[in-house]
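Chemist: Take this structure first; my questions come after.
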Amino acid sequence: MGNDTTSEICVLGMGYIGLPTAAMFAANGFRVHGVDTNPEVVATIGRGDIHIEEPGLKTLVRGAVSSGMLRVGEEPVPANLFIIAVPTPLTSDKKADMRAVDAATRALLPVLRPGNTVVLESTSPPGTCRNRIRPVLEAAGWKVGETVFLAHCPERVLPGRILAELITNDRVIGGMTPACARSAARWYARLVDGEIFLTDATTAELVKLAENTYRDVNIALANELASVCEVAGANFWEVQRLANRHPRVNIHRAGPGVGGHCISVDPWFLVEMFPDRTPLIRTAREVNDAVPARVVASVPGAAETVTLLGLAFKGNVDDCRESPAIAIASLLEATGRAVRVYDPLVHRPPVPIAASLEEAVRDSDLIILTTPHDVFHDIDPARVAPLTRRRALIDTHDFLDHERWRAAGFDVMLRGTPSFPAYRDQR
Ligand code: SAJ
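Heads up: the sequence shown begins at 135 in this note's numbering, then just goes up one per residue.
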């Protein structure tokens, strides 16, 4: 067991990636020191608690902290492996905000020792290791690839399945030099069951951006096809299901837009750096960003009070970052409508939400299913119906049991089908 100043692994950033990674290494027998610049986060984890929702995480963190294998603080301590897992959000002008990566790099300099490995996990623009982190290390006198090792190992876990995917996912490790990649891989091999692929740092940075951009472009295609189906008199969900029976086709799902801190953000890192070479990627972002406004445009004029089922950016998580539901709520409010939001999974809502389903649907003119939480299947439309002023439902995800809602008297409007009202007036 180590003391307060020695650890094998020091993880900078105790967020959605850093905390599960730190706790998982700790649960696998490594002495881990977690660092966060937010004292409240440090205090919460220090008492074995968590500040984010993720299935299984609380138990894991509690065990790791009580065994003494996971400690937390506001400053890095000496270690053999440093993992940088800090946010790389978008600025308002769609550029990567790298301040947290820069601060983390500077913060670890005073405790860096010969032979240490530094791994960047944060999703970053291509060239971040080479042009941003390496110069800082070298200015401090280190020789990357000789006296310290630097690699990018992008996180790839899916919120809601983080703990399982940390172990089972394949990992790509890109080193500044082959020795850097091998050095980082030795650590991850002791945790990960998936395959580990070694490459160079810039390739690894691009692999990560390619993965999320692939998904964003594919979802934009799905959203565009859904809009086509609405006027073509076809059902997108049927088109998608049947097209995907082709062995080389995998059309993603249409929806109310794309949220989260990854898919709606990462493609901009490519657009920012290579604006002349990324017209498709930019257009896909714009297509997906425009969907919330399309949903709002579809709301019948008579609907004065609108209920949103779901605030989180996707089903079964509490995370509301970049959620299309937030965009839909504020666009609806901008049209003068009253908006009520119900999301039983979200405990720290960024906008006001109703305390109960009853409160959210009372005297409502329209219910919009914005987030496919499994618990929404348990809603009994027959119980909701008498509380509302008008019985109308828009399902943006093809998620609810429409027959059941119709049987309770609801007019059901489904995104991607002619029942979606955006074009009703044009036909
Ligand atoms: N969405 C659709 N249609 C789809 C799939 C998703 O509209 O067919 C929407 C969702 O509703 C949501 C958004 O896209 O608003 C993103 O959800 P997601 O589940 O696709 O992805 P994230 O953001 O939770 O996690 C992604 C994952 N990347 C890939 O699947 C390629 C995850 O593995 C990454 O680790 C994560 O981004 C990240 O951190 O980059």
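Quick reminder that beta carbons are idealized off the backbone N, C-alpha and C, glycines included. Only a predicted model underlies this, so the values are computations on that prediction, with no experimental measurement involved.
Note down, in chain order, each residue of its chain lying with its Cβ closer than 8 Å to the Cβ of D183, except the 5 sequence neighbours on either side.
Modeler: Result list for D183: K192, V195, R196, in chain order.
Chemist: Hey, A354 and A418 are a contact pair by Cβ (cut 8 Å); roughly how many whole angstroms apart?
Modeler: Confirmed, about 4 Å.
Chemist: Restricting to Cα atoms, I'd like to know which of V291, C287, P244 is closest to A273.
Modeler: If we check each option's Cα against that of A273, P244 comes out closest.
Chemist: Would you call the segment 458-468 in contact with the segment 438-450, where contact means no fewer than 3 C-beta pairs closer than 8 Å?
Modeler: Enough Cβ pairs lie closer than 8 Å, so yes.
Chemist: Examine ligand 3 and report whether any of its heavy atoms sits within less than 7 Å of the Cβ of L442.
Modeler: Because ligand 3 does not appear in the structure shown, any question about it cannot be addressed here, the ligands present being ligand 1.
Chemist: On the CB-based measure, 16 or more other CB atoms within 10 Å of its CB, does R525 come out buried or exposed?
Modeler: So R525 ends up on the buried side.
Chemist: With distances taken Cα to Cα, identify the nearest neighbour of E467 among W371, R205, G152, L442.
Modeler: Nearest option by C-alpha distance: L442.
Chemist: Count the other C-beta atoms from every protein chain shown that fall within 10 angstroms of the C-beta of N265, then say buried if there are 16 or more, exposed otherwise.
Modeler: With fewer than 16 other Cβ atoms within 10 Å, it is exposed.
Chemist: Considering only the alpha carbon of each residue, which of T504, T505, P478, P483 lies closest to E492?
Modeler: It is P478.
Chemist: Decide if L300 is buried, meaning its Cβ has at least 16 other Cβ atoms within 10 Å, or exposed.
Modeler: By the neighbour-count rule (16 or more Cβ atoms within 10 Å), L300 is buried.
Chemist: Please classify G249: is it buried, with 16 or more other beta-carbons within 10 angstroms of its beta-carbon, or exposed?
Modeler: By the neighbour-count rule (16 or more Cβ atoms within 10 Å), G249 is not buried but exposed.
Chemist: Where does M158 sit, in a helix, a strand or coil, going by DSSP?
Modeler: Three-state DSSP puts M158 in a helix.
Chemist: I want to know whether the segment 252-259 touches the segment 280-299 - three or more CB-CB distances under 8 Å.
Modeler: Because the criterion of three Cβ pairs below 8 Å is met, the segment 252-259 and the segment 280-299 touch.
Chemist: Contact defined as beta carbons within less than 8 Å: I believe D143 pairs with V169. What is the distance between those atoms, to the nearest angstrom?
Modeler: Per the sequence shown, residue 143 should be read as Ile rather than Asp. Incorrect: roughly 11 Å between the Cβ atoms, too far for contact.
Chemist: At the level of alpha carbons, what is the spacing between V306 and C396?
Modeler: V306 and C396: Cα-Cα distance of roughly 17 Å.
Chemist: Have a look at M158 and E345 and give me their C-alpha separation to the nearest angstrom.
Modeler: The alpha-carbon atoms of M158 and E345 are separated by roughly 24 Å.
Chemist: Please confirm if the segment 503-511 is in contact with the segment 530-538, defined as three or more CB-CB distances below 8 Å between the two stretches.
Modeler: A contact exists between the segment 503-511 and the segment 530-538.
Chemist: Is it the case that the CB of P293 approaches a heavy atom of ligand 1 more closely than 7 Å?
Modeler: At least one heavy atom of ligand 1 is nearer than 7 Å to the Cβ of P293, so yes.
Chemist: My output table needs one value for C287: the three-state DSSP class, helix, strand or coil.
Modeler: It is coil, neither helix nor strand.
Chemist: From the DSSP output, in three-state form, read off L246 for me.
Modeler: Of the three classes helix, strand and coil, the one that applies to L246 here is coil, per DSSP.
Chemist: What residue does the alpha helix (DSSP H) around M350 start on, and which one ends it?
Modeler: Note that residue 350 corresponds to Asp in the displayed sequence, not to Met. From DSSP, the alpha helix (DSSP H) with D350 extends over 335-366.
Chemist: Any idea which residues DSSP pairs F331 with across the strands?
Modeler: Answer is V306.
Chemist: Could you check where the alpha helix (DSSP H) with C314 kicks off and where it finishes?
Modeler: It spans 312-322 - the alpha helix (DSSP H) in which C314 sits, taken as one unbroken run.
Chemist: For C263, name the three-state secondary structure that DSSP assigns.
Modeler: Note: C263 maps to helix in three-state DSSP.
Chemist: Using only the heavy atoms of ligand 1, determine whether one of them is closer than 7 Å to the beta carbon of F403.
Modeler: For ligand 1, not one heavy atom lies less than 7 Å from the Cβ of F403.
Chemist: Could you give the distance in angstroms between the alpha-carbon of C454 and the alpha-carbon of S464?
Modeler: Going from the Cα of C454 to the Cα of S464 covers about 14 Å.
Chemist: Is D453 helix, strand or coil by DSSP?
Modeler: DSSP places D453 in coil when its eight states are reduced to three.
Chemist: Does T522 come within less than 8 Å of chain B when only Cβ atoms are used?
Modeler: Looking at the structure shown, chain B is missing, and only one protein chain is on hand.
Chemist: Please find out if some non-hydrogen atom of ligand 1 comes closer than 7 Å to the beta-carbon of P149.
Modeler: Before going on, a small fix: residue 149 reads as Gly here, not Pro. G149: no, Cβ never under 7 Å from ligand 1.
Chemist: Anyone know if the C-beta pair for L325 and N162 falls short of 8 Å?
Modeler: Yes, the pair counts as a contact, with Cβ atoms nearer than the cut-off.
Chemist: Who does I528 pair with in a DSSP beta bridge?
Modeler: Note: I528 sits in a beta bridge opposite I502, M547.
Chemist: How long is the line joining the alpha carbons of I330 and A319, rounded to whole angstroms?
Modeler: Near 7 Å, if we compare the C-alpha coordinates of A319 and I330.
Chemist: At what residues does the alpha helix (DSSP H) containing R536 begin and finish?
Modeler: Contrary to the premise, residue 536 reads as His rather than Arg in this sequence. Here the alpha helix (DSSP H) through H536 covers 536-541.
Chemist: Taking C-beta to C-beta, are P210 and A241 nearer than 8 Å?
Modeler: For P210 and A241, yes; Cβs fall inside 8 Å.
Chemist: By the 10 Å Cβ neighbour count, where 16 or more other Cβ atoms means buried, how is D559 classified, buried or exposed?
Modeler: Summary for D559: the model assigns pLDDT 46, below 50, so the residue's position carries little reliability, and this model does not support an answer.
Chemist: With a CB to CB cut of under 7 Å and the five nearest residues on each side skipped, what residues in its chain are close to P506?
Modeler: Around P506: G449, H531, F533.
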